[in-house]
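Okay, so here's the structure we're looking at.
2 protein chains.
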Amino acid sequence: MAALKSFIEVRPDSHFPIQNLPFGVFKHRPSSLPRPAVAIGDYVLDLSEIALAGLFDGPLLSSSDCFLQPNLNKFLSLGRPAWKEARATLQKLLSSTEPKLRDNASLREKSLLPMSEVEMLLPIVIGDYSDFFSSMHHAKNCGTIFRGPENPINLNWFHLPIAYHGRASSIVISGTDVIRPRGQGPPTGAPPPYFGPSRKLDFELEMAAVVGTGNELGKPVDVNEAGDHIFGLVLMNDWSARDIQAWEYVPLGPFLGKSFITTLSPWIVTLDALEPFTCDAPKQDPAPLPYLAEKTSKNYNISLEVQIKPAGVEESAVVTRTNFNHLYWTITQQLAHHTINGCNLRPGDLLGTGTISGPDPDSYGCLLELTWNGQKPLPLNSNTTRKFLEDGDEVTITGCCKGDGYTVGFGTCTGKILPSNSS
Amino acid sequence: MAALKSFIEVRPDSHFPIQNLPFGVFKHRPSSLPRPAVAIGDYVLDLSEIALAGLFDGPLLSSSDCFLQPNLNKFLSLGRPAWKEARATLQKLLSSTEPKLRDNASLREKSLLPMSEVEMLLPIVIGDYSDFFSSMHHAKNCGTIFRGPENPINLNWFHLPIAYHGRASSIVISGTDVIRPRGQGPPTGAPPPYFGPSRKLDFELEMAAVVGTGNELGKPVDVNEAGDHIFGLVLMNDWSARDIQAWEYVPLGPFLGKSFITTLSPWIVTLDALEPFTCDAPKQDPAPLPYLAEKTSKNYNISLEVQIKPAGVEESAVVTRTNFNHLYWTITQQLAHHTINGCNLRPGDLLGTGTISGPDPDSYGCLLELTWNGQKPLPLNSNTTRKFLEDGDEVTITGCCKGDGYTVGFGTCTGKILPSNSS
Ligand SMILES: [Ca+2]
Ligand SMILES: [Ca+2]
Ligand SMILES: [Mg+2]
Ligand SMILES: [Mg+2]
Ligand code: NI
Chain R
0 MAALKSFIEV RPDSHFPIQN LPFGVFKHRP SSLPRPAVAI GDYVLDLSEI ALAGLFDGPL
60 LSSSDCFLQP NLNKFLSLGR PAWKEARATL QKLLSSTEPK LRDNASLREK SLLPMSEVEM
120 LLPIVIGDYS DFFSSMHHAK NCGTIFRGPE NPINLNWFHL PIAYHGRASS IVISGTDVIR
180 PRGQGPPTGA PPPYFGPSRK LDFELEMAAV VGTGNELGKP VDVNEAGDHI FGLVLMNDWS
240 ARDIQAWEYV PLGPFLGKSF ITTLSPWIVT LDALEPFTCD APKQDPAPLP YLAEKTSKNY
300 NISLEVQIKP AGVEESAVVT RTNFNHLYWT ITQQLAHHTI NGCNLRPGDL LGTGTISGPD
360 PDSYGCLLEL TWNGQKPLPL NSNTTRKFLE DGDEVTITGC CKGDGYTVGF GTCTGKILPS
420 NSS
Chain P
0 MAALKSFIEV RPDSHFPIQN LPFGVFKHRP SSLPRPAVAI GDYVLDLSEI ALAGLFDGPL
60 LSSSDCFLQP NLNKFLSLGR PAWKEARATL QKLLSSTEPK LRDNASLREK SLLPMSEVEM
120 LLPIVIGDYS DFFSSMHHAK NCGTIFRGPE NPINLNWFHL PIAYHGRASS IVISGTDVIR
180 PRGQGPPTGA PPPYFGPSRK LDFELEMAAV VGTGNELGKP VDVNEAGDHI FGLVLMNDWS
240 ARDIQAWEYV PLGPFLGKSF ITTLSPWIVT LDALEPFTCD APKQDPAPLP YLAEKTSKNY
300 NISLEVQIKP AGVEESAVVT RTNFNHLYWT ITQQLAHHTI NGCNLRPGDL LGTGTISGPD
360 PDSYGCLLEL TWNGQKPLPL NSNTTRKFLE DGDEVTITGC CKGDGYTVGF GTCTGKILPS
420 NSS
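Protein chains in written order, with numbering that gives the first Met the number 0: chain R, 0 to 422; chain P, 0 to 422.
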């Protein structure tokens with residue numbers, strides 16, 4: 000069989016070939032309504048136009064208004080069969096052998112817009128956002144930095160996917176500026192505590208699972224069915240102020256050290272598009288309790304990279320290269336654990352993986368680890384180093400999966416640091 | 000001046016005299032749309048009918064559709080001047096000397112419904128819910144129980160109102176059953192951890208501030224203006240599974256030990272109605288940092304009580320009597336702290352106070368403290384004691400302020416424990 004190919008030209012290194020078709024929400028002009036889309040090469044395909052043209056002709060979507068909404072939540076709530084139907088319909092419609100859109104100039108004109116001309120928006124309304132702590136390398140490094148090398152990882156970590164509730168209101172789309180937060184930091188010696196702009200501003204390289212279908216309050220999701228509740232993945236930068244976090248987090252966990260902003264990449268790559276890139280999950284020892292024991296435990300081979308570009312500098316410096324497959328707890332275990340107490344998830348909820356660190360020092364997912372809490376400055380180029388982020392720094396996360404002759408990618412997740420407000 | 004009096008008869012011990020007029024949302028029949036209301040005596044006043052009759056005739060509300068919404072969020076977003084206008088309009092309309100509603104039988108028929116005939120709903124869409132830890136007695140008791148009597152309160156507690164992000168999806172209205180959560184608890188001696196229905200299910204007596212107007216991302220709220228961002232208060236039961244919480248909470252804080260359910264009372268009592276019951280806040284030593292220093296620091300004199308009624312028993316047992324004025328950090332300090340890092344609040348967000356414990360053993364706000372982590376069983380009646388909650392127990396929180404000849408009350412916040420699902 001020939002490889003699937005679109006009538007739209009897609010550069011070989013594009014993140015968005017016909018094999019991907021990630022879902023997002025865009026606005027064409029400032030006054031336009033937000034509309035669902037998929038990415039194809041350098042274009043977005045407006046799904047509201049495709050729906051209005053009657054081209055979603057499968058049994059689950061033909062009479063749905065889910066693509067006439069300002070976000071993807073309604074589409075997500077329809078479940079995996081509808082997601083698969085949409086994907087199959089769009090792959091056919093965009094393929095080089097299918098004339099319906101290819102040969103309809105007026106519909107092409109209306110529905111295919113250059114990505115450079117549109118503004119991407121948060122694709123989902125996020126009811127709740129939880130952030131896990133699923134990389135053993137990250138847990139070990141943080142424990143060693145803060146508590147020393149003896150037993151750096153707390154015993155509970157090996158038995159459950161540790162997580163905390165995050166802040167939903169301050170989740171923003173890639174490209175949004177990051178104002179350096181102010182707050183309290185640990186006192187230097189005696190009280191009072193430090194107060195002012197954070198002096199230890201950091202990024203955290205993460206990905207997040209977007210919940211598709213939810214569950215009822217009081218009804219946990221079986222770990223072997225958890226995959227059907229996950230629509231797809233995005234890149235996430237869980238910006239962190241390490242000084243604020245260090246001073247506030249005992250005993251109730253991170254709060255203002257995290258809640259000032261969290262950045263998402265705009266395109267949700269579906270688990271269906273990621274299926275060719277599954278790999279074995281790491282062996283878990285001790286064996287997980289029965290409610291976390293999966294018949295098939297899947298991880299994903301996704302290469303991840305973080306770049307920092309200081310203000311006024313042309314070239315970005317790559318500061319870390321790692322892979323999603325370093326995670327110890329799978330996203331399906333995370334979701335099953337989240338609901339085991341009866342907690343209800345809703346379409347559009349976000350489950351962050353936690354910082355994705357690999358085993359090697361150049362694969363750590365945040366500056367806290369890369370600079371060992373500021374003790375080892377990290378060279379960015381011949382005359383610049385970083386302990387933590389400085390004003391003007393632009394941080395970009397990228398990620399992709401290499402297929403046979405194509406790439407399934409996530410685009411970028413980026414944000415630039417602005418100085419604290421003087422107000 | 001004669002006391003303000005309504006043409007509707009209000010029993011002297013009612014929580015809902017004309018001086019209160021708390022806001023809620025109700026449904027008359029299962030098929031009706033949810034509609035905003037105020038409580039007056041044993042009635043709810045349907046604000047959509049009052050709006051449709053053109054009786055909100057003030058400049059801010061006369062052309063607003065905020066009372067034709069299924070929740071109060073739009074009304075909350077209008078800000079304190081609109082809240083004051085609504086209160087003044089309704090107090091006049093319901094007063095014994097005002098004929099507009101009193102003498103309009105058809106409008107009375109449509110708009111005044113017996114409370115016993117309606118179903119109360121969550122009055123707000125809650126974007127984010129944060130839970131503070133503002134009672135020093137509670138902090139001290141928990142610290143003593145878990146870490147011993149030396150330095151039971153962590154140093155940071157005295158410098159900032161500690162809080163964590165809670166779960167918004169599982170917030171329910173008073174009267175919703177509470178399914179005992181399952182989950183992991185600490186191993187007994189050696190691993191594996193305990194797994195099963197929680198054996199340490201607890202209530203937490205709290206109140207919560209409902210955010211009215213929000214703030215923009217990156218723009219902190221000044222502590223002296225924070226009061227204008229708070230619409231009112233509700234009762235809250237932050238149900239807690241102490242065994243799940245104990246095992247999971249290091250290092251990222253409480254998660255599944257809290258997220259299975261949180262119960263709110265249906266009526267939001269406005270800060271305007273509570274104004275006669277303000278009192279001085281406790282002296283804070285050390286002095287708070289400038290961003291938390293208030294020109295006037297207010298607390299509220301609200302008597303609070305918790306009752307437990309075991310299955311098959313007629314009489315409830317009062318297990319604690321305490322007061323909102325025991326809180327160390329004020330709700331305005333909580334709100335200002337929450338935003339100091341730039342975090343944005345939205346209308347309808349919820350800020351829980353944390354468990355409200357007083358200084359005396361019969362004023363502790365949860366069973367963890369009342370039974371000293373199960374070591375001292377609490378007598379409910381002559382032949383029943385409790386270490387933690389048992390299946391069938393119904394827990395009811397009430398709260399009120401005693402005025403001169405009237406009571407401004409919060410109604411009740413109740414929930415009954417059902418056994419864990421066997422599924
Ligand atoms: Ca994180
Ligand atoms: Ca609490
Ligand atoms: Mg964050
Ligand atoms: Mg709770
Ligand atoms: Ni072939």
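Glycine is no exception: its CB is placed at the ideal position from the N, C-alpha and C atoms. If you're wondering where the values come from, they're calculated on a predicted model, not measured in any experiment.
At a cut-off of 8 Å, the beta-carbon of Ser239(P) counts as near ligand 2: some heavy atom of the ligand is closer than that.
Distance from the Cα of Glu304(P) is smallest, within the candidate group Thr295(P), Pro281(P), Cys399(P), for Cys399(P). Look at the beta carbons and you see the stretch 71–80 of chain P not touching the stretch 101–115 of chain P: under three pairs across the two are nearer than 8 Å. Per DSSP, reduced to three states, the secondary structure at His164(P) is strand. By the neighbour-count criterion, in which 16 or more other beta carbons inside 10 Å mark a residue as buried, Gly147(P) falls on the exposed side. For Pro346(P), DSSP assigns no beta-bridge partner whatsoever. Scanning chain P for C-beta atoms nearer than 9 Å to the C-beta of Gly195(R) yields nothing, as the closest lies near 10 Å away. Relative to ligand 2, even the nearest heavy atom lies 8 Å or more away from the CB of Lys282(P).
For Asn153(P), the closest Cβ of chain R is nearer than 9 Å. Checking the DSSP bridge columns, you'll see Ala36(P) partnered with Gly23(P), Asp45(P). By the neighbour-count definition (other C-beta atoms within 10 Å, threshold 16), Asp130(R) is a buried residue. Our two residues, Pro346(R) and Gly78(R), have alpha carbons roughly 10 Å apart in a direct line. Excluding the 5 residues flanking it on each side, Cys65(P) has same chain C-beta neighbours closer than 6 Å at Lys73, Phe74, in chain order. With distances taken between CA atoms, Asn322(P) lies nearest to Pro358(P) out of Pro309(P), Ala335(P), Pro358(P), His336(P). In terms of Cβ geometry, Thr413(R) and Val394(R) form a close pair [threshold 9 Å]. Met119(R) and Tyr327(R) have their C-alpha atoms some 32 Å from each other. Taking CB atoms only, Trp246(R) has a neighbour in chain P less than 9 Å away. Here Val124(P) carries a coil assignment [DSSP, helix/strand/coil].
Taking 8 Å as the cut-off, one finds no heavy atom of ligand 1 near enough to the beta carbon of Glu314(R).
When Cβ-Cβ separations below 9 Å define contact, Arg385(R) makes no contact with chain P. Per DSSP, reduced to three states, the secondary structure at Val222(P) is helical. In terms of Cβ geometry, Ala138(R) and His337(R) do not form a close pair [threshold 9 Å]. Classified as exposed, Pro80(R) has fewer than 16 neighbouring CB atoms from the shown chains inside 10 Å of its CB. For Gln332(R), the enclosing alpha helix (DSSP H) starts and ends at 330–338. Taking 8 Å as the cut-off, the C-beta of Glu368(R) does not count as close to any heavy atom of ligand 1. Residues of the stretch 321–343 of chain R with a C-beta less than 8 Å from any C-beta of chain P: His336, His337, Ile339, Asn340, Gly341, Cys342, Asn343, listed in chain order. Taking the Cβ atoms as the reference, Ile301(P) lies roughly 24 Å from Asp392(P), outside the contact range of under 8 Å.
Listed along the chain, the chain P residues whose CB falls inside 8 Å of the CB of Ile267(R) amount to none; the nearest CB is some 20 Å away. Within the DSSP bridge table, the entry for Glu205(R) names Met235(R) as partners. Gly402(R) is the residue among Gly402(R), Lys415(R), Phe202(R), Ile396(R) whose C-alpha sits nearest the C-alpha of Asp12(R). If you look at Cys399(P), you'll find it in the beta strand (DSSP E) that goes 393–401. In this structure, ligand 2 has a non-hydrogen atom nearer than 8 Å to the beta-carbon of Asp130(P). With respect to the C-alpha of Thr262(R), the residue from Ile243(R), Trp238(R), Trp246(R) having the closest C-alpha is Trp238(R).
Residue-level contact check: Asn19(P) does not touch chain R, since none of the beta carbons of chain R fall below 9 Å from its beta carbon. In this structure, Lys139(P) has its beta carbon at no less than 8 Å from each heavy atom of ligand 1.
Pairwise C-beta distances place the stretch 229–247 of chain P in contact with the stretch 204–219 of chain P, as three or more of them are shorter than 8 Å.
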